[in-house]
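In this note's numbering, the protein residues as written are 147 to 569. Glycine included, each C-beta is placed from N, C-alpha and C at the ideal position. Since the structure is predicted, the reported quantities are computational estimates derived from the model, not experimental observations.
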């Protein structure tokens with residue numbers, strides 16, 4: 147693949163835009179960002195905060211701890227910390243500068259607001275409107291499809307489309323150009339200088355929060371539990387990814403580098419590959435090429451499903467990690483193709499029931515499926531076209547899984563949200 151080609155530049159830009167930092171689970175952080183932006187435009191502290199959120203936003207905010215809230219969960223806490231202390235220009239790190247004193251004072255200050263939450267009927271799975279009001283002054287900000295994608299601002303009744311500096315850019319690279327074969331070619335051909343910055347940051351951030359999860363007690367301590375079982379590289383690869391999620395789902399304020407809008411997916415696509423590279427004593431450039439592939443494969447698998455779904459995103463990232471490991475060890479496209487198909491055949495039944503502590507366990511299972519998919523190939527085993535959702539050809543299988551996750555699970559998603567919101 148030529149460096150000057152459209153495809154090459156497109157892939158570089160996809161990585162640059164997708165592998166960005168976020169502190170905390172991205173759905174509550176999107177709420178905090180939206181609330182901070184609304185308060186910024188209002189120009190004063192509001193008396194009332196109205197939150198209208200699509201079902202998938204509600205699902206992913208309900209049970210996860212919001213950083214810098216002294217352990218609080220939910221839309222109200224996310225909006226309040228954004229209104230009080232958020233800096234919208236920090237995007238998905240909107241509440242990263244909250245001080246210990248501010249965090250301690252949050253609960254009392256939050257009680258001064260009149261906060262209401264209502265479901266938002268929308269064709270967009272990620273859809274959020276936050277309205278802040280003080281006296282006769284009112285501002286509404288709407289986010290759709292991506293976590294910082296502001297699509298509408300209503301300032302005292304005047305509706306405008308957002309035209310200023312935005313964290314989400316209106317036009318971007320074409321994700322439909324992603325294919326497994328082209329991603330493989332790109333990983334082989336890429337000038338490391340073109341991807342080094344985003345990948346070095348991913349290694350540093352995601353390794354740091356994983357280490358935090360392995361060292362301290364967060365959530366269900368899935369990462370620590372796995373490390374107690376054995377010292378194999380397969381177990382360690384699962385543990386490092388799970389540990390990052392343990393910490394992140396439990397309110398750890400360390401940033402991660404996301405993939406497909408998700409920190410859990412960003413950690414799942416990267417940390418197992420990093421572990422295998424260390425174990426097999428691969429060079430740093432070999433690791434960067436493998437991460438290039440694992441991240442782009444994850445983005446490719448997620449494109450047809452969407453950012454939010456009843457389909458667990460860790461499945462795609464686990465298959466991406468398996469593909470990255472296959473690339474690291476064999477450098478063979480056929481091995482990568484079979485790893486992806488095998489992994490998807492194994493774990494595509496995992497549903498997303500919101501962000502919370504059990505995500506770490508699901509990540510462990512997804513990484514295990516990715517590694518098993520690769521090991522099956524090494525041992526001459528594979529799933530064939532006609533085996534369930536598997537079709538002949540990796541792209542055909544990916545297409546089947548996309549249809550399942552996007553169209554096929556819409557009613558499942560509604561039922562999950564119905565059950566969760568009635569608890």
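- In this chain, the alpha helix (DSSP H) harbouring residue 522 covers 505 to 524.
- For residue 319, the secondary structure class from DSSP, reduced to helix, strand or coil, is coil.
- Rounded to the nearest whole angstrom, the CA to CA distance from residue 290 to residue 268 is 10 Å.
- Inter-segment contact for the stretch 439 to 449 and the stretch 384 to 395 is absent: fewer than three beta-carbon pairs are separated by less than 8 Å.
- Judged by DSSP in its simplified three-state form, residue 545 adopts helix.
- Per DSSP, the beta-bridge partners of residue 264 are 198.
- Counting only runs of 3 or more residues that sit fully inside the stretch 324 to 355, no beta strand (DSSP E) segment turns up.
- Residue pairing by DSSP places residue 403 opposite 167 in a beta bridge.
- According to the DSSP secondary-structure assignment, residue 277 is paired through a beta bridge with 196, 286.
- Among the bridge pairs identified by DSSP, residue 301 is matched with 285, 304.
- Between residue 373 and residue 385 a beta carbon distance of about 5 Å is seen, short of the 8 Å cut, so the two are scored as contacting.
- When the five nearest sequence neighbours on each side are left out, the beta carbons in the same chain lying within less than 6 Å of the beta carbon of residue 558 are those of 456, in order along the chain.
- For residue 186, the uninterrupted alpha helix (DSSP H) segment begins and ends at 172 to 188.
- Between residue 278 and residue 301, the beta carbon gap of about 11 Å keeps them out of contact (Cβ cut-off 8 Å).
- In this structure, residue 283 keeps its C-beta atom at 9 Å or more from the C-beta atom of residue 432.
- In the assembly as shown, residue 551 is a buried residue. Its beta-carbon has 16 or more other beta-carbons within 10 Å.
- Residue 375 is classed as exposed because its beta carbon has fewer than 16 other beta carbons within 10 Å across all chains shown.
- The C-beta distance from residue 271 to residue 454 rounds to 4 Å, short enough to fall under 8 Å.
- Judged by beta-carbon spacing, residue 351 lies beyond the 9 Å limit of residue 418, meaning their Cβ atoms are not closer than that value.
- Here residue 217 has 211, 397 as same chain residues with Cβ atoms under 8 Å from its own Cβ, once five neighbours each way along the sequence are excluded.
- Rounded to the nearest whole angstrom, the CA to CA distance from residue 288 to residue 188 is 14 Å.
- The Cβ atoms of residue 260 and residue 266 lie no closer than 9 Å to each other.
- In the structure shown, residue 497 falls within a strand segment according to DSSP collapsed to helix, strand and coil.
- Spatial neighbours of residue 366 in its own chain (CB-CB distance under 6 Å, excluding positions within 5 residues in sequence) are listed in chain order as 503.
- The alpha-carbon separation between residue 379 and residue 195 amounts to approximately 49 Å.
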